[in-house]
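Peer 1:
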């Protein structure tokens, strides 16, 4: 009996003497780690990127990308963009956890939330927005996925299906799926 009291007292003493920060288990400052990105359709070969794996002991290292992105048509502000996010919960995907849309000015909307490491795909700020047409090669490109417009996100396993098309077209010209993890930034 005395040993239980001693253990309880020591636990209480240690717990109150160390002032540790705790990790919020729901949402907060975050890092994003992309697991994979694939085109929505099997015959679409415009996207092929391999991502480095997440290493918990090196969680502050940027992710390394290798592959190609082929933009067959330039994207400007006459395009729309839709990006619904599903979150993994109870062993299934919960659709529309977060939905980002830009019915007009799709290029400017995408450029405003795009990480700075990927800004080379667009024109510079202050000029009319345009994702240039062409083939972009990523060879050992280190990308730190930071989104200043989103200071906090719920932690979890996400799937996003990004679609983009011209405003007069209902069918998307570009479509790809991405699976990523949002993890606490420590």
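Numbering (mature numbering (1 follows the signal peptide of the UniProt record, and there is no 0)), first residue to last: -16 to -1, 1 to 170. Think of the CB as a built atom: it goes at the ideal place given N, C-alpha and C, for glycine as much as any other residue.
1. Could you tell me the boundaries of the alpha helix (DSSP H) in which residue 92 lies?
2. Alpha carbon to alpha carbon, what distance is there between residue 62 and residue 48?
3. Give the range of the beta strand (DSSP E) segment to which residue 100 is assigned.
4. Could you name the residues that DSSP lists as bridge partners for residue 31?
5. Given this structure, state the Cα-to-Cα distance separating residue 97 from residue 131, to the nearest angstrom.
6. Opposite residue 165 in the DSSP bridges: which residues?
7. Looking at residue 106: is its Cβ nearer than 9 Å to the Cβ of residue 120?
8. Rounded to a whole number of angstroms, what is the C-alpha to C-alpha distance between residue 39 and residue 45?
9. Indicate the three-state DSSP secondary structure (helix, strand or coil) for residue 154 in the structure shown.
10. Suppose the cutoff is 6 Å on Cβ atoms and the five residues either side in sequence are ignored; what does the same chain contact list for residue 163 look like?
11. Quick one, are the C-beta atoms of residue 64 and residue 117 less than 9 Å apart?
12. I need the straight-line Cα distance from residue 86 to residue 93, nearest angstrom please.
13. Closest to residue 113 by C-alpha separation, out of 147, 81, 60, would be which residue?
14. Can you tell me whether DSSP reads residue 40 as helix, strand or coil?
15. Kindly indicate which three-state DSSP category residue 105 falls into: helix, strand or coil?
Peer 2: Considering the structure as presented:
1. 90 to 97
2. 32 Å
3. Note, residue 100: premise wrong, no beta strand (DSSP E); not H, not E.
4. 53
5. Roughly 6 Å between the two C-alpha positions.
6. 17, 141
7. In this structure, residue 120 does not lie closer than 9 Å to residue 106 by Cβ.
8. 9 Å
9. coil
10. 19, 20, 143
11. no
12. 6 Å
13. Out of 147, 81, 60, 60 has the C-alpha closest to the C-alpha of residue 113.
14. helix
15. If DSSP states are grouped into helix, strand and coil, residue 105 belongs with the helices.
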